[in-house]
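The numbering used here numbers the first residue of the sequence shown as 221 and each following residue consecutively. Even for Gly, the Cβ is constructed at its ideal location relative to N, Cα and C. No experiment lies behind these values; they were computed from the predicted model shown.
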Amino acid sequence: MNLELALRMCEASVKQAGREGALISVAVVDAGGHLVAFQRMDGSEIAGPALAPGKAYTAVAHRMSTAALALLVVPGGDLYGLAGDRYVCFGGGIPLWDSDEGRRVAGAVGVSGGTVAQDVACAEAAAALWEGA
Numbered sequence: 221m222n223l224e225l226a227l228r229m230c231e232a233s234v235k236q237a238g239r240e241g242a243l244i245s246v247a248v249v250d251a252g253g254h255l256v257a258f259q260r261m262d263g264s265e266i267a268g269p270a271l272a273p274g275k276a277y278t279a280v281a282h283r284m285s286t287a288a289l290a291l292l293v294v295p296g297g298d299l300y301g302l303a304g305d306r307y308v309c310f311g312g313g314i315p316l317w318d319s320d321e322g323r324r325v326a327g328a329v330g331v332s333g334g335t336v337a338q339d340v341a342c343a344e345a346a347a348a349l350w351e352g353a
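1) Return the Cβ separation of Ser-233 and Val-329 in integer angstroms, given the expectation that the two are a contact with Cβ distance under 8 Å.
2) Would you list the residues sitting across from Tyr-300 in a DSSP beta bridge?
3) Report yes if the CB atom of Leu-316 is closer than 8 Å to the CB atom of Ala-347, and no otherwise.
4) For the pair the segment 260-275 and the segment 302-312, tell me if three or more CB-CB distances fall below 8 Å.
5) Per the DSSP calculation, Val-356 is bridged to which residue(s)?
6) Only counting the same chain, and skipping five residues up and downstream in sequence, which positions put a Cβ closer than 6 Å to that of Ser-245?
This is the structure in structure tokens:
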């Protein structure tokens with residue numbers, strides 16, 4: 221993960237948000253969950269600057285999308301009770317895989333501010349840049 225790519229990923233997410241009609245915050249983190257880049261659209265929700273990095277961190281920490289994780293943290297789920305602190309367990313966080321090693325997480329993107337579907341679409345737009353890099 222490098223700053224140039226992370227900034228381009230943020231921009232791709234913001235452009236997708238424009239197409240979706242959403243106002244978002246987007247965060248890109250490295251393999252350790254440390255913030256590399258962040259953008260907040262004018263007028264976006266106040267919670268976005270906390271939730272977007274949280275979704276990215278959660279995707280790195282659990283090596284899975286936060287949309288998939290959401291299904292595991294409901295009452296009766298295998299990870300019920302996980303949410304809290306830095307963990308944000310609803311859609312919008314996507315891990316980014318290292319193509320050279322296959323199953324090593326190299327970072328993640330997290331988006332917050334729209335509906336869950338909009339957040340996922342915006343995160344996917346950013347992740348597509350990673351996959352094409």
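In terms of the structure at hand:
1) The residue you call residue 233 lines up with position 13 of the sequence shown. The residue you call residue 329 lines up with position 109 of the sequence shown. The beta carbons of Ser-233 and Val-329 sit about 7 Å from each other, so the pair counts as a contact at 8 Å.
2) Sequence index remark: in the sequence shown, residue 300 carries index 80 (1-based). DSSP, once it has assigned bridges, lists no residue as partnering Tyr-300.
3) The residue labelled residue 316 in the question sits at position 96 within the sequence shown. The residue labelled residue 347 in the question sits at position 127 within the sequence shown. Yes, the pair counts as a contact, with Cβ atoms nearer than the cut-off.
4) These segments touch.
5) Coverage of the chain is limited to positions 221 through 353, which leaves residue 356 absent and any answer about it impossible.
6) Here residue 245 corresponds to residue number 25 of the sequence shown, with the count starting at 1. So the list reads Arg-260, Ser-264, Gly-268, Pro-269, Ala-272, Ser-332 and Gly-333, once near-sequence residues are dropped.
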